[in-house]
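Protein chains in written order, with our numbering: chain A, 1014 to 1647; chain B, 26 to 188. Ideal Cβ placement from N, Cα and C applies to all residues, glycine included. Being a predicted model, the structure only gives us computed values, none of them experimental.
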Ligand code: SF4
Ligand code: SF4
Ligand code: FES
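Quick look at the structure:
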């Protein structure tokens, strides 16, 4: 409860002799983190409501009853003294672990969680060396596939309910549940059907034991045998932060990396599982001219020949995860020798460039009302969809939907849904200004292109007008990873892409929109793989995947985020910006002879205002898992 | 097997009587089970839809309560109390006798004629009449092997006449 001046009152307490001052209402387990004391937890998760199900977090609190209490459900109080190392707390923790292990199969050697498993770590740090329990263990068939991508091992489960609570609280979709609650309880998918949710993979990260593991990344390596870097997801415009894991120069897994500005530690299944292309044995590694392997030199010559004189009949199709740096190079080319060429961006919307002062994802947290227009956010911008759900179910925002179909946001019982006819979203938005749900601000308006059904210019005008009238801000929901960067560089605009009629086409990535135009006489494909949609190109150039390239993306809120490659490709593979610079130099463009990416980034920052952040790339992130010191074992 | 329109109607009328929507799930499931005999995935989905909840949540509730059944049962399902008072007064013998009478080896197994199944339950709140059992919504007190035989016989005859 804020005080009249807006300040949140604080409370001072002592934890293991350290004084700490935290806002009132903070839970003991969180207060302890401030003094770098790790209280072990299974069921508690900092992004979900506490339940106190596992009792792993027992501590001694005085004043208070003479028994251990849960640090994850007890809020701090003034003058409270918490002991995590008293004999009572130490033995309580060890006793709980003894019970946690009563049914545990102890199959760590064949468990993918081994090495990053809280149960393993806590047992090592806080458990008894032996067990007094000698009863038969529960047995289950294992592992059970919950979907193509996730396996469940019920014997390893400690029934913390993190996974089911995540589904319930965070995604609003109870595909996972606990059956036969009580001593015989086990986790199951709804009626044993496969999980369908696009958010399913987060339960792998959430599970504090090896009960939920990936089937895509299975029995590949121990965590300490992998290298990892913090990077950015390449699959859509949200720009969730991820950790990339490498082993033997293969990208073996992608996990979440919490950034509260954007993703709050969640990623969707596209980001988590759609990374395997870069490992494919049939990857293009060497340039080709007319089906035969060639040197870069030969391939570049053939490419120049092919596009020579094409003028405005040159089409350039760009992959969704093109970097800002590559966009800058393309911008230079389009300013110069390729002036008039047409450009298409894979998987993008037809939304126009953003207006001034667009909403940030984190602003959804303080919105009192959220309006979602012409977008199925779960599909278009998955992790923004979770942020909307949080704002509505945890922070009390009201939800108003303008869309022709039933959406997953309709699971909110109080959601108000205006069903416009496809193509008439703008008219529906114009009628919203007096709507009772929008009388209290701030109002956040998120709007998409209705997957092509809406006239986006008209909708943009209607949204801007509504924003002014209700005192709100808006966010256009771009889909392609670097769509906002491409708009900033002026390569695309609010009209749908069309390369029909182009005679020469350079296709960087899968063809946009959908296929190579039939009119193309010359086609150069620059990609990781040759795809059926590519047909039989004249020139083929090998491209890099997002896990092996330097550069940055501009996400849908305009935030520039840098990639940190975890793979280090061998020649003849080359960085995309290098290839474009060479092309520029061969076309006699001045100032494309950058000696390194930093120089290029500084030039891009000067040339395009939205790329200003490129001038100061951050140091690589510190390693993600902080090692806290914890209480001793008995 | 689908729920009747009347059952759906009744389920829809439940929520206003409870502080939380989710509190309406047990009585709703009771209505469904009353009508269908057991809770199939389709029935749980229908209940979920009628209340605007996820089927997964309803499934979690349905499998929690011993009085709700997701597996097929005999037409007459006997709940035999084996809590302290009843056990002291011979509940185990009653169960043993019952298994022999209806020809099953374990709880929830259905007799060959499809008429009977049984399960052991905790206290049903009639300790003063131990041992006791519950069947088809009725309590049977001071059960003895003889009384049990008569009961089973009665149901068998009823079924025979009905056919
Ligand atoms: S599967 Fe994992 S996350 Fe789910 S309840 Fe079991 S231990 Fe917890
Ligand atoms: S929401 Fe977009 S950026 Fe985030 S994980 Fe999914 S695909 Fe990647
Ligand atoms: S972490 Fe506190 S009870 Fe589970």
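Residue-chain proximity (residue i, chain A), Cβ-Cβ < 8 Å
i	result
residue 43/B	no
residue 104/B	no
residue 107/B	no
residue 13/B	Residue 13/B falls outside the range modelled here, since chain B spans only 26 to 188, and no answer is possible.
residue 51/B	no
residue 196/B	Residue 196/B lies beyond the range of chain B shown here (26 to 188); nothing can be said about it.
residue 84/B	yes
residue 66/B	yes
residue 112/B	no
residue 169/B	no
residue 89/B	yes
Selected residue, minimal CA-CA separation from residue i, among the options
i	options	result
residue 12/B	1194/A, 1622/A and 1271/A	Any property of residue 12/B remains undetermined from this structure, which presents chain B solely from 26 to 188.
residue 1324/A	1277/A, 1590/A and 1351/A	1351/A
residue 1391/A	1186/A, 1092/A and 1600/A	1186/A
residue 1354/A	1026/A, 1583/A, 1327/A and 1034/A	1327/A
residue 1544/A	1060/A, 1534/A and 1523/A	1523/A
residue 1243/A	1235/A, 1613/A, 1257/A and 1176/A	1257/A
residue 1292/A	1475/A, 1600/A, 1579/A and 1448/A	1579/A
residue 1278/A	1575/A, 1246/A and 1265/A	1246/A
residue 1233/A	1101/A, 1372/A, 1021/A and 1124/A	1124/A
residue 1275/A	1377/A, 1424/A, 1500/A and 1415/A	1377/A
residue 1170/A	1182/A, 1132/A, 1386/A and 1143/A	1132/A
residue 1290/A	1576/A, 1601/A, 1563/A and 1540/A	1540/A
residue 1337/A	1035/A, 1630/A, 1535/A and 1030/A	1630/A
residue 1571/A	1492/A, 1069/A and 1192/A	1492/A
residue 102/B	160/B, 165/B, 69/B and 126/B	160/B
residue 1173/A	1253/A, 1075/A, 1068/A and 1255/A	1068/A
residue 1030/A	1388/A, 1181/A and 1049/A	1049/A
residue 163/B	57/B, 105/B, 110/B and 170/B	105/B
residue 153/B	50/B, 64/B, 125/B and 109/B	109/B
Opposing strand residues paired with residue i [DSSP bridges]
i	result
residue 1075/A	1094/A
residue 1574/A	1566/A
residue 1519/A	1329/A and 1537/A
residue 1240/A	1259/A
residue 1032/A	1027/A
Sequence-distant residues of its chain with Cβ nearer than 8 Å to residue i (five each side left out)
i	result
residue 29/B	60
residue 77/B	46
residue 1469/A	1362, 1363, 1364, 1365, 1462 and 1507
residue 1184/A	1210, 1212, 1399 and 1402
residue 1436/A	1463, 1466, 1467 and 1468
Residues of its chain near residue i, where Cβ-Cβ distance is below 6 Å and the 5 sequence neighbours each way are ignored
i	result
residue 1208/A	1159, 1160, 1188 and 1202
residue 1643/A	Summary for residue 1643/A: the model assigns pLDDT 48, below 50, so the residue's position carries little reliability, and this model does not support an answer.
residue 1205/A	none
residue 1229/A	1162 and 1286
is_contact[residue i, chain B] using C-beta, thresh 8 Å
i	result
residue 1193/A	yes
residue 1204/A	yes
residue 1190/A	yes
residue 1133/A	no
residue 1282/A	no
residue 1614/A	no
residue 1015/A	With a pLDDT of only 48 at residue 1015/A, under 50, the local geometry of the prediction cannot be trusted, and no value is derived from it.
residue 1623/A	no
residue 1549/A	no
residue 1402/A	no
residue 1426/A	yes
Cβ-based neighbour list, residue i, same chain, cut-off 7 Å, excluding 5 preceding and 5 following
i	result
residue 1217/A	1163, 1225, 1226 and 1227
residue 1512/A	1328, 1330, 1355, 1357, 1518 and 1530
residue 1647/A	Any answer about residue 1647/A is weak, because its pLDDT of 46 lies below 50 and its placement is not dependable; what the coordinates show is given next. 1103, 1104, 1107 and 1141.
residue 1319/A	1517, 1535, 1537, 1551 and 1552
residue 1165/A	1156, 1157, 1159, 1200, 1224 and 1225
Contacts of residue i in chain D (Cβ-Cβ under 7 Å)
i	result
residue 1186/A	Although the question refers to chain D, the structure presented lacks it and instead comprises the protein chains A and B.
Within the stretch 1354 to 1383 of chain A, ranges of the beta strand (DSSP E) (whole runs, at least 3 residues): Listed in chain order, they are 1355 to 1358.
Complete beta strand (DSSP E) runs within the stretch 1263 to 1346 of chain A (minimum length 3 residues, chain order): Annotation note: the stretch 1263 to 1346 of chain A contains the following uninterrupted beta strand (DSSP E) runs of length 3 or greater, listed N- to C-terminal: 1263 to 1269 and 1327 to 1331.
Every unbroken beta strand (DSSP E) inside the stretch 1140 to 1172 of chain A [3 residues or more]: If we require 3 residues or more, the beta strand (DSSP E) runs fully inside the stretch 1140 to 1172 of chain A come out as 1163 to 1165.
Secondary structure, alpha helix (DSSP H): runs of 4+ residues fully inside the stretch 110 to 154 of chain B: If we require 4 residues or more, the alpha helix (DSSP H) runs fully inside the stretch 110 to 154 of chain B come out as 116 to 127.
Every unbroken alpha helix (DSSP H) within the stretch 1572 to 1629 of chain A, with a cutoff of 4 residues, ordered by chain: Note on the stretch 1572 to 1629 of chain A: whole alpha helix (DSSP H) runs with a minimum of 4 residues are 1589 to 1599 and 1610 to 1620, in chain order.
Length at least 3, wholly inside the stretch 73 to 107 of chain B: the beta strand (DSSP E) runs in chain order: If we require 3 residues or more, the beta strand (DSSP E) runs fully inside the stretch 73 to 107 of chain B come out as 101 to 106.
Every unbroken beta strand (DSSP E) within the stretch 1384 to 1445 of chain A, with a cutoff of 3 residues, ordered by chain: With a minimum length of 3 residues, the continuous beta strand (DSSP E) runs that stay inside the stretch 1384 to 1445 of chain A are 1411 to 1415 and 1429 to 1431.
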